[in-house]
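Before any comments, here is the structure.
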Amino acid sequence: MLARFIRFIAIAAMTCLSGAALAQYPSHPVTIVVPYGAGGPTDAVARVLAEGLSKAWGQPVVVENRAGAGGNIGSDRVARALPDGHTLLVIPSGVMVLNPLLFKQMPFAPLTDLAPISQLGSGPILMFVSTKVPVNSVAEFVEYARKNPGKLNFTSPGVGTIPHLAGEMLMQQTGIKMVHVPYQSAPQATQAVVAGDAEVIFDATTALTYSAAGRLKPLMVLGDTRFAPAGDVPTAAEAGLPRMTVDAWYAIVAPAKTPPAVLQKVQADAATIVRSQATRDRLSGIGFIPLANRPEEFERSVKAEAGMWKKVFDAAGITPQ
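Positions -23 to -1, 1 to 298 (mature numbering (1 follows the signal peptide of the UniProt record, and there is no 0)) are the ones given, in order, by the sequence shown.
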């Protein structure tokens, strides 16, 4: 009770801050929470951003990894934080778009308890198949799958993740039948296909190391443009599936009721960083494409994408747990 009262007083005080006081933001170290373990693509984006913001602001900006519950634990920590801009959250699309469709009880409401700042950028998702599958194109794969209904397995890091939903989308758009095999992590899901225990995975660029070594075959990029490091791999549209577009984007948000002037400053400074060639070079391994849109554009994008995925969930019979 006391903690809630103190937070209420702090919020009330911040509404009275003068423009001069806001101009001093940040006045002390800033924490960027990543709701996953260290080492993944979201963590990589957050660390590059933190380094750039620290230089721009002259204050330490540290990354705190707080994993669990599909990103909900770390995200809820930020939703409950003091809304003064000194606690921020870097997340992938799943937290804002997919988790509300996956969990019956969310500890926070993404577009109510968090203030959107910017979608920082995105990275491509690719379709890979095992070298044991006798195909070399999407058309050949679809034909092969139709001749072997229910005999092909596709892996993912879990139910409701983008790799899972990409597989469901492919089945819905082509009429093929595959079996979904969820794993505990993306590396495990990828390794199963590399080992030949499953046939298909939809993955970000981390699986490219296996395809470069001839241990996986990339068939298409689920985006509007080709991905140069993948070589001569067509887009979904080029492969005859123009509606198979899936982006893995990364965003920055703050607690709700963070002063608008602070949100604007974070957005502007983050945009400068992610659009720089230095950032693109450092994040080339995940195929990072800068976006850096504004809060209102971010919110519209989330709502539109949630509607799209809701249709995929319903068609696949995926219900909140």
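Note that beta-carbon positions come from the ideal geometry of N, C-alpha and C, so glycine has one too.
From what residue to what residue does the alpha helix (DSSP H) around residue i run?
i: residue 334; result: Nothing about residue 334 can be read from this structure; the chain reaches only from -23 to 298.
i: SER52; result: 49 to 56
i: VAL119; result: 115 to 124
i: LEU185; result: 185 to 189
i: ARG257; result: 254 to 259
i: THR19; result: 18 to 34
i: MET221; result: Per DSSP, MET221 belongs to no alpha helix (DSSP H) and is neither H nor E.
i: THR235; result: First-last for THR235: undefined, no H or E at that position.
i: GLN149; result: 139 to 151
i: PRO77; result: 76 to 79
Check for me: the beta strand (DSSP E) holding residue i runs from which residue to which?
i: GLU41; result: 38 to 42
i: VAL230; result: 224 to 232
i: LYS194; result: 193 to 198
i: LEU268; result: Note, LEU268: premise wrong, no beta strand (DSSP E); not H, not E.
i: residue 301; result: Limits of the chain in this structure are -23 at one end and 298 at the other, which puts residue 301 out of reach.
Opposite residue i in the DSSP bridges: which residues?
i: ASN130; result: VAL156
i: PHE179; result: MET104
i: LEU240; result: In DSSP, LEU240 forms no bridge with anything.
i: VAL171; result: VAL171 is not bridged to any residue.
i: ILE9; result: VAL40 and LEU65
i: THR212; result: VAL198
Just to confirm my understanding: we take residue i, look at its own chain, exclude 5 residues before and 5 after, and list those with CB closer than 6 Å. What are they?
i: ALA216; result: VAL115 and MET197
i: ALA293; result: GLU145
i: TRP34; result: PRO3
i: ILE266; result: GLY98 and SER99
i: THR8; result: VAL39, GLU41 and THR64
i: TRP226; result: SER70, GLN96 and SER99
i: PHE290; result: LEU78
For residue i, which residues from the same chain have a beta carbon less than 7 Å from its beta carbon, with the 5 sequence-adjacent residues on both sides left out?
i: SER162; result: PRO134
i: VAL171; result: TYR187, ARG192 and LEU193
i: ASN270; result: SER95 and GLN96
i: LYS242; result: TYR2
i: HIS157; result: PHE131, SER133, HIS141 and GLY144
i: VAL74; result: VAL279, GLU282, ALA283 and TRP286
i: ARG54; result: VAL10 and ARG43
Here's the rule I'm using: 16 or more other beta-carbon atoms within 10 Å means buried, otherwise exposed. How should residue i be labelled?
i: GLN1; result: exposed
i: GLY29; result: buried
i: THR132; result: buried
i: THR186; result: exposed
i: LYS128; result: exposed
i: ASN49; result: buried
i: ALA190; result: exposed
i: ARG24; result: buried
i: SER261; result: exposed
i: ASP224; result: buried
i: ALA86; result: exposed
i: SER52; result: buried
i: ARG220; result: exposed
i: PRO297; result: exposed
i: VAL39; result: exposed
i: ARG277; result: exposed
i: GLU176; result: buried
CB-CB under 8 Å to residue i, same chain, minus the five flanking residues each way: which ones, in chain order?
i: TYR160; result: THR132, SER133, PRO134, GLY135, ALA166 and ALA169
i: ALA233; result: ALA56, PRO60, THR89, ASP90, LEU91 and ALA92
i: THR108; result: GLY173, GLY191, ARG192, LEU193 and LYS194
i: VAL210; result: LEU103, PRO195, LEU196, MET197, VAL198, ARG203 and PHE204
Looking at the C-beta of residue i, does it have a partner C-beta in chain D at a distance below 8 Å?
i: ILE250; result: Included in the structure is just one protein chain, with no chain D present.
Just checking residue i against the ligand NAP - is the residue's beta carbon closer than 7 Å to any of the ligand's heavy atoms?
i: ASN76; result: Looking at this structure, you won't find the ligand NAP or any other ligand, since it has none at all.
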